[in-house]
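Data block below; observations after.
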Amino acid sequence: EEAKTYNILKIKLGINEEHDKNIIKLIRNETDKVIRVDANEGWDLDTGKKMCKWLADHNVEFVEQPFKAQNLGDTAKLRDVSPLPLIADENSIKSSNIPDIAHAFDGINIKLMKCGSLFEAKKMIDVAHKYDMKIMLGCMVESSIGITAMSNLSPQVDFADLDGNLLIDNDPYIGVEVIDGKLKLPSGDGLGLTLNPEHKKDFNNLR
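Quick note on the numbering used here: the sequence shown kicks off at 1 and runs consecutively.
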């Protein structure tokens with residue numbers, strides 16, 4: 001019900017094959033919306049092979065971080081047989097990581113709170129383009145400052161998963177909006193942020 005206004009669903013999996021399939025089946029009983037899966041480093045190679053093949057038949061767009069970050073060997077093996085693109089998360093912290101993982105992943109997830117700056121995020125985009133990799137902008141649970149900043153890079157990437165500010169009840173800023181599943185940037189100077197009059201005293205107590 002909460003996700004009815006969104007055209008794409010991001011689903012966290014990675015518990016085990018039975019659990020993960022049941023989650024997708026429950027969703028498919030309600031909607032045929034596109035699903036993006038984050039396995040959260042939770043699978044082994046055998047499970048990854050089975051799940052990617054099965055998920056491809058259930059309108060899933062890609063799989064994020066199927067294995068532990070240090071397990072690039074199995075990730076490369078899975079990429080060779082997976083019908084779905086594999087997107088790096090824990091493996092793609094900064095631009096210098098990308099050349100080392102390009103053989104194992106089809107794309108990267110860039111998070112401002114991990115890479116540390118818009119300059120580094122833009123550098124990651126440029127390097128990923130050189131390797132013909134897909135690019136997603138992601139986020140943590142964070143205020144509209146970071147979300148709005150990253151949203152300015154969205155025209156240069158393939159996917160944008162920038163909703164962390166929607167999980168905060170007392171965000172002290174008003175910035176980018178999500179309207180019908182699409183990002184709408186504010187029109188003011190700079191990032192275009194304005195103070196939220198309801199929560200302007202909550203800078204140190206986000207919840």
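Glycine included, every Cβ here is placed at the ideal spot set by N, Cα and C.
DSSP beta-bridge partners of residue i
i    : result
Y173 : L195
G107 : I87, K134
E64  : D38, I87
F159 : M136
L183 : V178
L9   : I35
Where residue i falls: helix, strand or coil (DSSP)
i    : result
L86  : strand
K4   : coil
H58  : coil
D44  : coil
S151 : helix
K53  : helix
N71  : coil
V141 : coil
K209 : With the chain covering only 1 through 207, there is no way to say anything about residue 209.
I15  : coil
Straight-line gap, residue i to residue j (C-alpha atoms, nearest Å)
i    : j    : result
N97  : M124 : 9 Å
P155 : K50  : 34 Å
D74  : L45  : 6 Å
E18  : G48  : 13 Å
M150 : Y173 : 15 Å
D171 : D80  : 43 Å
K221 : L112 : With the chain represented from 1 up to 207, any question about residue 221 goes unanswered, as that position is not in the structure.
L26  : T148 : 33 Å
K94  : A128 : 11 Å
L43  : L9   : Residue 43 is actually Trp in this sequence, not Leu. If I take the Cα positions, the gap works out to 20 Å.
D89  : N29  : 29 Å
Q70  : L78  : 14 Å
T31  : I23  : 12 Å
Beta-carbon proximity of residue i to residue j, cut-off 7 Å
i    : j    : result
G107 : M133 : yes
G164 : M140 : yes
I138 : N109 : What sits at residue 138 in the sequence shown is Gly, not Ile. Yes. Within cutoff.
I87  : E61  : no
G146 : N7   : no
N16  : V34  : no
A76  : A104 : yes
E41  : K21  : no
C52  : L84  : yes
Nearest candidate by alpha-carbon position, reference residue i, set the options
i    : options                : result
N196 : S143, L153, I135, K53  : S143
N152 : I93, S95, G190, N40    : G190
L13  : N29, T5, R36, T31      : R36
G192 : E198, E177, H199       : E177
I101 : L72, K53, S82, P85     : L72
E198 : L183, S187, G188, D169 : D169
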